[in-house]
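Just so you know, UniProt numbering puts the end of the sequence shown at 202, numbered straight through with nothing missing.
All C-beta atoms in this analysis are idealised placements derived from N, C-alpha and C, irrespective of residue type, glycine included.
Predicted model, so just to flag it, every value in this text is computed and none were measured.
Let me begin by presenting the structure, written as structure tokens, before commenting on it.
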Amino acid sequence: MTRTHSQFATGEVESDIDYEKAQRGVRLLLEAVGEDPDSNALTETWQRRVPDAFATLTEGQREAAKPTMRTFDAETTDLVVKTAIPVYSLCEHHLLPFFGTVHLAYRPTDEVVGLSKLTRYVRWQSRKLTMQEQLTNDIASGLKEELDAATVFVEMNATHLCEAMRGVETRSTTTTRATAGEPTEAERERFQAAVNRTEGQV
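Right, here's the structure in full:
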């Protein structure tokens, strides 16, 4: 069985997933559903494409892939709000994607982080097998720890393909929220107002 690492060709750091096991697993799954894994259409699927995809989609399980949260001295302790961050993750029950947006806010203590790092952190946290409720909590608690923030709010709105493609076969949106720290009522209202503006609510 050929062990293929397309990362070498692109200059990326080699993933520490077990490629040989991934290849065997994908090949067996193709055989299980009646496909010929050695057909021209599917050879690259089990040898390279799916293992490479899962190497990327599970980066959140590896600390080495976590973005460096470079911080700067905070000139204010006012709430920092960032909305409409894209999120893509994998349901641990069916290995199917769920996707949507994350809105977050944090009250800094002594330091703030570059805004692009918030997006990168959400992306890193989401690249694992998880549930939406757990991912929402992981982002909130993780950011509080990473930034030593006094308060963190997170709201996630996501569509689950395990509902849309199977089961009830209905596309809907699930909303989950998490808070880390002890926010004031004014901060709660400001965050919700920012979310409402982004979602087009009155």
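- Taking one beta carbon from each stretch, the segment 143-161 and the segment 100-111 have 3 or more pairs nearer than 8 Å; the two touch.
- For residue 105, the enclosing beta strand (DSSP E) starts and ends at 97-107.
- Distance from the CA of residue 48 to the CA of residue 169, rounded to the nearest whole angstrom, comes to 30 Å.
- Among the bridge pairs identified by DSSP, residue 175 is matched with 157.
- Taking a contact to require three or more Cβ pairs closer than 8 Å, the segment 165-184 and the segment 111-119 do not qualify as touching.
- Residue 79 counts as buried, since at least 16 other C-beta atoms from the protein chains shown sit within 10 angstroms of its C-beta.
- A Cβ-Cβ contact shorter than 8 Å links residue 127 with residue 57.
- Inclusion of residue 92 and residue 43 in the CB contact set at 8 Å is not warranted, their separation being larger than that value.
- DSSP places residue 66 outside both helix and strand once states are collapsed to three, so it counts as coil.
- For the 8 Å CB-CB criterion, residue 59 and residue 65 form a contact.
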